[in-house]
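Colleague: The structure that follows is given in the form of structure tokens.
Residue numbers (the numbering used here), protein chains in the order written: chain A, -10 to 306; chain B, 2 to 407.
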């Protein structure tokens, strides 16, 4: 008996022979029709800008005759020979390498504490989330005061431990750590709320089973909570990694520039400076586009590595 | 007789006709970056302009920060949709000088000669006065009156006083009051001032050679090097570090913030002209100019109206009004002798020094890569002042990097 498609397996289609029945084409057309808005939005706001940036990176920009003259990979050659590009690269990796793991670890701990059934859970949740919803500019202005060498709260606390006042924003050794501290504080709340939501959706039966098996509190957390939380951990890890590679506002507001001796100039700062948008710099759109393409490549590469490595460790059930 | 009457009639018709053409309503856009505090005063000037030229309507369009304004102008150049007139920094328009409408061509020689000398080169493109100065500030010396009784008038006095005023006031073994202060990364113009005062410049007159590291440059670098032990170095505004230095060079536009910070810290702030170097005591003028665009999206009437507006804004009474209200400095020489300005100076003692300094000044060069050169100076000057490289070595490095930009 011939099976209908609704009942049986999906129909196999010969690679070189197109199906002839109308229902197939109607469904296919309908599918593309539904996908069209997403294609249009992604095309206009993601793919076109990306390919446009790549195209610009091959030109020496001219405002009067955009995009200017074609120079091949000259912009890439320039940035790869520019010591400030490599410094910016190092600062970016330094920032990402500390901010992402520390923020994630702290947010798992905070989420675990919040999940312990605090009486004032909603208040605690709101408090942690408040740091994230505060505008970055306003927040950085407050932190500027906290970092003030003479009157800042941070140096005041350090003085209890007989630690000399640190010129957080004026010493090249501390400017980037100051930004890192601010970023960790800013993102811990957001990540903790997502992880808390994940923890609260873990079914009780897993904990009951662990209890029956005699697992300790830490064992339960390590063997049950963390593995079942892996989709959320994976999500915040990816989001935080991508966001951290693009850090700019925190630096620009906190340090009113790239920091002493350009000690906190990251790749995005380098891109914006090259485009002439800050510091009254000369407009080098081609160089800025080339650096953007490099940054895209780095983020893309890391995302692929993460996807490959973590896919095996993420449990969706 | 009839012929005469006909001629007179024809002349009258032509006169009325021309008047009618001249008074055809015209609307122009003026893009600016003057924040909310300045906007009512700018609007007042535009309203006065409307009284003088009733047929011209000016739409003031605030574009946000200077960076945002620069971005909008860049985009408008590409889109071929520029406003009739806009505030511009010199190096924004150097690459697009060919689409500027030369305002100077519609000014009398007397009007052109009235612009402060230090501002003329930075508004002159290909030998023609093309833009006109608008909101301009000057770098002056601020000093703590409780520590400095007589501000220094020469480099030698400056160094000596800086040395004397650098002290450990609380005896903890650390200096907590410096003679002077620098913001090298944020304000490399501080180095350019010493360079100018030593008789030097970044490039030679025709921009074919780097002259930064010649004898004048070396004298400037050695002088700033001698100040390092007595200097507080920061990237932040001086108003945030008002107690850290007894005297410092900063923009006149910052006076309100600096005076407020000093008052809060319990002392009075004085203003002086800069100490004289081997060549002069010139200071650097900063701020934007007015540019009229000469593009196809604008009608001749709009360009003419924009020129009239630019000329109106620098009339003595208007540049004085703007200076009094905004804290910027008048941009024409005659403005400094108007009764309004003299009255203002009489009640604002710091202004005497600022006016003197304004008339002894220079501006940035119009090289298309000036922005990049400024970046080199910013980083190099920061490295020198923070002791990363010795002054003369730092000077050579900067010269080498600027050479690559020619």
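We put the CB at the ideal spot given by N, CA and C, even for glycine.
Is there a Cβ of chain A sitting closer than 7 Å to that of residue 272/B, yes or no?
Modeller: It does not; no Cβ of chain A falls within 7 Å.
Colleague: What would DSSP say about residue 285/B, mapped onto helix, strand or coil?
Modeller: The answer is strand: DSSP assigns residue 285/B an E or B state.
Colleague: Is the Cβ-Cβ distance between residue 279/A and residue 54/A less than 7 Å?
Modeller: Not closer than 7 Å, so no.
Colleague: On a CA-only basis, which of 349/B, 327/B, 347/B and 356/B is nearest residue 409/B? Give me that one, please.
Modeller: Coverage of chain B is limited to positions 2 through 407, which leaves residue 409/B absent and any answer about it impossible.
Colleague: Should residue 142/B go down as buried or exposed, given a rule of 16 or more other Cβ atoms within 10 Å for buried?
Modeller: Classification of residue 142/B: buried, given that the 10 Å Cβ count is 16 or more.
Colleague: In whole angstroms, what separates the C-alpha of residue 265/A from that of residue 219/B?
Modeller: Whole-angstrom Cα-Cα distance: 30 Å.
Colleague: Report the rounded CA-to-CA distance for residue 114/A versus residue 180/A, giving the unit in angstroms.
Modeller: Taking the straight line from one Cα to the other gives about 11 Å.
Colleague: Residue 197/A by DSSP, collapsed to three states: which one?
Modeller: Helix, per DSSP.
Colleague: Under a CB-based cut-off of 7 Å, is residue 270/A close to chain B?
Modeller: It does; some Cβ of chain B falls within 7 Å.
Colleague: List the endpoints of the continuous beta strand (DSSP E) containing residue 88/B.
Modeller: Residue 88/B -> beta strand (DSSP E) spans 86 to 89.
Colleague: Tell me where the beta strand (DSSP E) around residue 142/B begins and ends.
Modeller: Run containing residue 142/B: 133 to 145, per the beta strand (DSSP E) assignment.
Colleague: Only counting the same chain, and skipping five residues up and downstream in sequence, which positions put a Cβ closer than 7 Å to that of residue 234/B?
Modeller: Around residue 234/B: 183, 185, 386 and 387.
Colleague: How many angstroms separate the CA atom of residue 160/B from the CA atom of residue 46/B?
Modeller: Between residue 160/B and residue 46/B, the C-alpha separation is close to 44 Å.
Colleague: Any idea if residue 68/A is buried or exposed, counting beta-carbon neighbours within 10 angstroms, 16 or more meaning buried?
Modeller: Buried, by the Cβ-count rule.
Colleague: Indicate whether the contact test is met: 3 or more Cβ pairs, each with one atom in the stretch 123 to 133 of chain B and one in the stretch 77 to 84 of chain A, closer than 8 Å.
Modeller: Segments in contact, no.
Colleague: Quick check on DSSP: helix, strand or coil for residue 32/B?
Modeller: Correct three-state label for residue 32/B: strand.
Colleague: Are the CB atoms of residue 281/A and residue 33/A within a distance shorter than 7 Å?
Modeller: No, they are not a contact pair.
Colleague: Going along chain B, which residues have a C-beta under 8 Å from residue 246/A?
Modeller: What residue 246/A touches in chain B: 186, 187 and 236.
Colleague: With distances taken between CB atoms, is the gap from residue 236/B to residue 246/A smaller than 7 Å?
Modeller: Contact: yes.
Colleague: Buried or exposed: where does residue 28/A fall if 16 or more other Cβ atoms within 10 Å of its Cβ makes it buried?
Modeller: So residue 28/A ends up on the exposed side.
Colleague: Could you name the residues of chain B that residue 183/A contacts, counting a contact when the two beta carbons are closer than 7 Å?
Modeller: Per Cβ cutoff of 7 Å: no residues; residue 183/A is ~34 Å from chain B at best.
Colleague: Taking beta-carbon pairs under 7 Å, can you tell me which members of the stretch 51 to 62 of chain A lie near chain B?
Modeller: Against chain B - using a Cβ distance shorter than 7 Å - the residues of the stretch 51 to 62 of chain A are 52, 53 and 55.
Colleague: If you draw a straight line from the alpha carbon of residue 307/B to that of residue 60/B, how long is it in whole angstroms?
Modeller: Taking the straight line joining both Cα atoms gives about 11 Å.
Colleague: Does DSSP put residue 16/B in a helix, a strand or coil?
Modeller: Interpretation of residue 16/B is limited by its pLDDT of 48, a score under 50 that renders its predicted location unreliable; the figure taken from the coordinates is listed afterwards. Here residue 16/B sits in helix by DSSP.
Colleague: Go to residue 20/A, then tell me how far its alpha helix (DSSP H) extends in each direction, as first and last residue.
Modeller: That run of the alpha helix (DSSP H) goes 11 to 31.
Colleague: At least one CB of chain B closer than 7 Å to the CB of residue 38/A: is that the case?
Modeller: So no, residue 38/A is outside the interface.
Colleague: For residue 96/B, return the contacting residues in chain D, with the cut-off set at a CB-CB distance below 9 Å.
Modeller: Going by chain labels, chain D is absent from the structure shown, which instead holds the protein chains A and B.
Colleague: How would you write the range of the alpha helix (DSSP H) that residue 45/A sits in, first residue to last?
Modeller: Unbroken alpha helix (DSSP H) run through residue 45/A: 37 to 45.
Colleague: For the beta strand (DSSP E) containing residue 58/B, name the first residue and the last one.
Modeller: Element bounds for residue 58/B: 57 to 63.
Colleague: Give me whichever residues DSSP pairs with residue 250/B in a beta bridge.
Modeller: 142/B.
Colleague: Could you tell me which uninterrupted alpha helix (DSSP H) segments, each at least 4 residues in length, are contained entirely in the stretch 154 to 188 of chain B, listed from first to last along the chain?
Modeller: The qualifying runs are 156 to 166.
Colleague: On a CA-only basis, which of 177/A, 145/A and 133/A is nearest residue 158/A? Give me that one, please.
Modeller: Out of 177/A, 145/A and 133/A, 133/A has the C-alpha closest to the C-alpha of residue 158/A.
Colleague: Beta-carbon within less than 7 Å of residue 195/B's beta-carbon, same chain only, minus the 5 sequence neighbours each way: which residues are those?
Modeller: Result list for residue 195/B: 221, 224, 225 and 278, in chain order.
Colleague: Name the two residues that bound the continuous beta strand (DSSP E) containing residue 272/B.
Modeller: It spans 270 to 273 - the beta strand (DSSP E) in which residue 272/B sits, taken as one unbroken run.
Colleague: Where DSSP assigns a beta bridge to residue 277/B, which residues make up the other side?
Modeller: Per DSSP, 155/B.
Colleague: Which residue wins for smallest C-alpha separation from residue 383/B, given the options 370/B, 372/B and 399/B?
Modeller: The candidate whose alpha carbon is nearest that of residue 383/B is 399/B.
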